[in-house]
Amino acid sequence: MMCSATNQLLIQHIQNDFFNLLTNSIGCSYEKFIIEVADILKTQLDVPVVSVYLRKEGQEAYRLYSNLPDVGLELKKCFLIEQTEGSIRDLIVQSFTSLDVRVIPLEKNSKTIGYIVFGFEAFHCYKDRLLGEISIEVVKCLSKAEFDHNISDEKTRYELLYNLTSKFNSSTDMNMIIRETIRTLKDNDPGLTYTLWLSQDISVDRDLPVKELSYDYDLPLESSSQAFMTGKMQIEGDSHNGPLKLYAPLKGKQGVYGVLEVLHPFHIHLPKKECDLVELIGSTVGDAIENVQLYQQSRKLNSDLQLINSTSQKLNSNTRLTEKISYMSSTLAESFQADEVGFVTFNECNHDENIILEGSSPYFETADSQLLISMVKQRVHKEKDDVFIGNLSSKNNKYCEKYKSIMAVRMTDYEQLDGLAIVLHKQSYFFSFDSFKLLQSLIHHSTLAFANSMLREELEKTVVTDYLTKLHSRNYLDKCVEGHTLNDKCGTFILFDIDNFKGINDTYGHQKGDEVLCQTAEAIQSALKGRGMAARWGGEELAVYIPGMICEEAFQVADSIRREIFRVTSPSVTVSCGVSSWNANQPSNGKELVRRADEALYKAKEAGKNQIVMAETT
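Take the sequence shown: its position 461, counted from the start at 1, is 461 in full-length UniProt numbering, and no numbers get skipped.
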């Protein structure tokens, strides 16, 4: 018989082992952790079998966690709460055994969350009181582990949603979205089975694991169809046996595009946070599908517009906005035999201010035209429709005495473009209604082209800049270097690479890595003091070209930048640097200059990093 002191010492050893397990189990799954707890007890008690049955919060069944040795003892894999009214031992032991099987409940807040099963040899010295004290320590350990794993699971869920959203936002490929959804879900929980049910109007590759939604109005709706029709999650499963199925609608802002089916291998009562995660994933995928569909529809519409007439083809060519306006003005004037054609946009801040687009007829630059434009704007605003006037003089003689026939069509493109296309003729009733409808078609077709040109010309100012670091893009610097080597007398190209940048991302996260990149870029800009051009070359590589700088100065500049980067970055990082220069006596083209700098950078890395290496002259 074990004395009280011996029992206390055993409890202390178990506590120590539990503490070490909690400390060293980072990255270990909760299921594996439970088995490790059982193994500790088996070692400390020196018994053949220790197994744990555990019921997670909200679940209706106890699951077995154990590495059972080959000792002739077979235990039930799981059992329901309602089956615990009788003998637990008789319920779980599935085979005859010579072992003395003891089942000790695990109590938490006066509720049974599980059981420990001990399989002792025929003669042993462990009393139920000691086993009860051990069960208390097990509950403490499992509770702490469950809390830690819940926090980790919550983080994993948010990362899953973030990664999905990030990938979806940069893709317009429906197949990629479906493929990435299935892959991400399987990586997140390989034990579950996932199926995507898509509506019939969504086309994807046949090799993708998707099913087509179908339903019969004369028959009761299946759960998948019900989730699709109602836009609400459905749960299906027998409360006693069989799998559990969740159906989350793939819901966007404008509709439902399918259903995500999640199959659990056995029936459990899922916590609300698990259901919410599935529903959020469904909404995320639904938004992505909707965005792709809208994108595909807009492209199809654009393609259809190009087929309507040659005007659409011209407008969709790579021309400036002024050229398109001039082309449309001449086309409309010729097609409708119009005297004047004007394109007017409205100031976003001051809607009363009219902006006459260059390429319009000269009349629209005169003061008289402003009265006419104001009248048309008022009428459009009042009637919420385009304007077709056959005889302006009889209706609004104060606005214009020269032009009698007016057609005005709104130019609106999802708030990107707000304005009017106005066509005038001196003769009353000159334009037919068919002409008006044709004008509407042409303007509706051209509005997108105008808006695209406006956006493109705005974007041209920003495409030369890297969105993260605000440095120039590599393509822009490439062109600049090539131009300088043709027209200047000398210059220096410097290539930086942040040392051990992957370690920053792995240790602090990619967000901190982005901050370090931005800090490095700011340090380069600060050190250059406007003397050269800096660009993000790729990944953690940044480049600088300084026109007019000779080789002797290059090392000092590179060193000052290197020191400045180490000073301002947090966490502090070092950079390796390759420097190449050229002059009239040693001419070079852009590609050769970059190649030499890249080779010098490689040598700097090989020399131990945080080094500056000057490229050898050719």
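Backbone N, C-alpha and C define an ideal beta-carbon position, used for all residues, glycine too.
Assigned with DSSP and collapsed to three states, residue 155 falls in helix. Judged by DSSP in its simplified three-state form, residue 244 adopts strand.
Judged by pairs of C-beta atoms under 8 Å, the stretch 470-477 touches the stretch 534-546, as three or more such pairs exist.
The secondary-structure analysis by DSSP pairs residue 340 across a beta bridge with 424. Of the residues assessed, residue 354 falls on the buried side of the cut-off, its CB having 16 or more other CB atoms within 10 angstroms. The criterion of a C-beta distance shorter than 8 Å is satisfied by residue 481 and residue 545. For residue 195, the secondary structure class from DSSP, reduced to helix, strand or coil, is strand. Residue pairing from DSSP places residue 249 in a beta bridge opposite 259. Looking at the DSSP output, residue 356 sits in a beta bridge with 344.
A Cβ-Cβ contact shorter than 8 Å links residue 213 with residue 224. Judged by their CB atoms, residue 568 and residue 611 are not nearer to each other than the 8 Å cut-off. The three-state reading of DSSP puts residue 362 in helix, counting H, G and I together. The UniProt domain "GGDEF" (489-617) is shown to contain whole alpha helix (DSSP H) runs of 4 or more residues at 501-508, 510-528, 551-568 and 590-606, in chain order.
In this model, residue 408 and residue 420 are separated by some 6 Å (Cα to Cα). Using a C-beta cut-off of 8 Å, the stretch 510-530 makes no contact with the stretch 580-590, since fewer than three inter-stretch Cβ pairs fall below that distance. Sequence-distant partners of residue 252 (beyond 5 residues in either direction) whose C-beta falls short of 6 Å from its own C-beta, in its chain, are 286, 287 and 290. Contact between residue 11 and residue 133 is confirmed by a C-beta separation of about 6 Å, below the 8 Å threshold. Residue burial is scored here from C-beta neighbours: residue 463 has fewer than 16 other C-beta atoms within 10 angstroms and is therefore classed as exposed. In this structure, the beta-carbon distance from residue 15 to residue 137 falls below 8 Å. Closest option to residue 319, judged by alpha-carbon separation, among 111, 141, 573 and 456: 456. A Cβ-Cβ separation of about 3 Å places residue 49 in contact with residue 119 under the 8 Å criterion. With at least 16 other beta carbons inside 10 angstroms of its own, residue 42 counts as buried. Taking the Cα of residue 256 as reference, the smallest distance to any Cα among 502, 293, 524 and 264 is reached at 293.
DSSP places residue 120 in the uninterrupted beta strand (DSSP E) bounded by 111-120. Residues 120 of the same chain have their beta carbon placed closer than 6 Å to that of residue 100, with the five preceding and five following residues left out of the count.
Less than 8 Å divides the Cβ of residue 573 from the Cβ of residue 504. For residue 471, the closest alpha carbon among the candidates 517, 165, 512 and 440 is that of 517. Of 75, 314 and 422, the smallest CA-CA separation from residue 94 is found for 75.
A Cβ-Cβ distance of about 20 Å is found for the pair residue 337 and residue 386, leaving them out of contact under the 8 Å criterion. Cα atoms of residue 160 and residue 167: separation of roughly 11 Å, rounded to the nearest angstrom. In the DSSP assignment, residue 232 falls outside any alpha helix (DSSP H) and carries neither an H nor an E.
Counting the other Cβ atoms within 10 Å of the Cβ of residue 247 gives 16 or more, which makes it buried. Where residue 212 is concerned, the enclosing beta strand (DSSP E) starts and stops at 210-212. The beta carbons of residue 495 and residue 543 sit closer together than 8 Å. In the same chain as residue 104, and ignoring 5 residues on each side of it, the C-beta atoms closer than 6 Å to its own belong to 116, 131 and 135, in chain order. The C-beta distance from residue 194 to residue 260 rounds to 7 Å, short enough to fall under 8 Å.
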